Amino acid sequence: MDSPFEILGIESDADDDEVVRAYRKRVKEAHPDQGGSTREFLLVQTAYEKIQDGHADEPLEIERADRANDDTASRNGHDPAHEATNGAGGADDADHEDEDDEQEEGYRVEYLNYETLADHGWDLGDDDLFEKAADANLDPEDYGQLSFTSDKNLLAAAEKCGYPWPYACRGGACANCAIAVVEGEVEMPSNHILSQEMVDRGLRLSCISVPKTDELKIIYNVKSLPGLEELRLPAQQFDKARSND
Ligand code: FES
Numbered sequence: 237m238d239s240p241f242e243i244l245g246i247e248s249d250a251d252d253d254e255v256v257r258a259y260r261k262r263v264k265e266a267h268p269d270q271g272g273s274t275r276e277f278l279l280v281q282t283a284y285e286k287i288q289d290g291h292a293d294e295p296l297e298i299e300r301a302d303r304a305n306d307d308t309a310s311r312n313g314h315d316p317a318h319e320a321t322n323g324a325g326g327a328d329d330a331d332h333e334d335e336d337d338e339q340e341e342g343y344r345v346e347y348l349n350y351e352t353l354a355d356h357g358w359d360l361g362d363d364d365l366f367e368k369a370a371d372a373n374l375d376p377e378d379y380g381q382l383s384f385t386s387d388k389n390l391l392a393a394a395e396k397c398g399y400p401w402p403y404a405c406r407g408g409a410c411a412n413c414a415i416a417v418v419e420g421e422v423e424m425p426s427n428h429i430l431s432q433e434m435v436d437r438g439l440r441l442s443c444i445s446v447p448k449t450d451e452l453k454i455i456y457n458v459k460s461l462p463g464l465e466e467l468r469l470p471a472q473q474f475d476k477a478r479s480n481d
């Protein structure tokens, strides 16, 4: 099995800057949007966390990555979220309901992949969209819940839970990571991209948005909505622009 350093493509005596640079490069290459896979993306994340935590010599916990690809083991995204955050929420087992309620702190985000709507004849404006999604036996990457306790932005929270949502710049400069907030509130500290009309419709950028309410319902992957498509940025183009700075 490759060591965390090998997974990041660096020597085991690499300094902190080299580790961070290698991680940023590898995590982009491994992202499914860039030709990677969920499993590879999680392996890179786990390798980086091991090195950062000083546990680079420990075996990688790739089980999380395997489970992210196993829709029978993690129906509706509940298990990966629960496992990754060690938090409450998303457990299917009713026996654990009381225990989960006691642990319930932080944020719970119910998410739905916009790409599934057309397949089922649903519309973004449907009042019962999430009820229909809950009954549709969707893949955990498409529908489920994230639970997390820190003030993470929504994109980072999804990634931490094993779900590589779309992105390009990670800095509020494109619409690749756009989401539609259906219920609850998020805080987006700056906005130079979305029009006021888009914001009024509930559109936000997941890479810079943090929850303001304990519970949220969001549609992610709405980057193909009218008006957003022209605000999208090819990730490679962004990388090139940034590397030329
Ligand atoms: S990824 Fe570009 S604004 Fe979020």
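Residue numbers (my numbering): 237 to 481.
Quick reminder that beta carbons are idealized off the backbone N, C-alpha and C, glycines included.
Bear in mind that the values here come from a model prediction, so they are computed numbers and not experimental data.
Expected contact under 8 angstroms - CB spacing of residue i and residue j to nearest Å
i	j	result
G420	E451	6 angstroms
S442	I415	5 angstroms
R468	C410	6 angstroms
K459	P402	6 angstroms
E276	K286	The pair is not a contact, with the Cβ atoms about 16 angstroms apart (cut-off 8 angstroms).
M434	G463	6 angstroms
From the options, residue whose alpha carbon lies closest to that of residue i
i	options	result
Y399	C413, Q288, S386	C413
V418	R468, D289, V256, E367	E367
G408	L461, S445, Y347, G357	S445
A354	N457, D238, A250	N457
L278	A370, Y350, C397	C397
G290	P240, E265, A258, G271	P240
N389	W358, L365, D378, R440	R440
Y350	P425, G438, Y379	Y379
G361	L461, V345, E265	L461
D249	D364, A292, I429, V422	A292
T352	D387, D375, D363	D375
E465	I429, D251, G438, D387	I429
S273	L391, E377, S426, A393	E377
R257	Y284, G271, D238	Y284
For residue i: DSSP bridge partner residues
i	result
R440	I415
L382	V345
I455	L348, A416
E423	V446
Residue i Cβ short of 7 angstroms to ligand 1 heavy atom set
i	result
A372	no
R406	yes
A409	yes
Y456	no
Y403	yes
N412	yes
C221	The chain is shown from 237 up to 481; residue 221 falls before or after that span and cannot be answered.
Proximity of residue i and residue j at Cβ, strictly below 8 angstroms
i	j	result
I243	V255	no
I454	Y343	no
E263	Q288	In the sequence under discussion, the amino acid at residue 263 is Val, which differs from the Glu named in the question. Not closer than 8 angstroms, so no.
A422	Q381	Here residue 422 turns out to be Val, not Ala, going by the sequence shown. Not closer than 8 angstroms, so no.
H356	A372	yes
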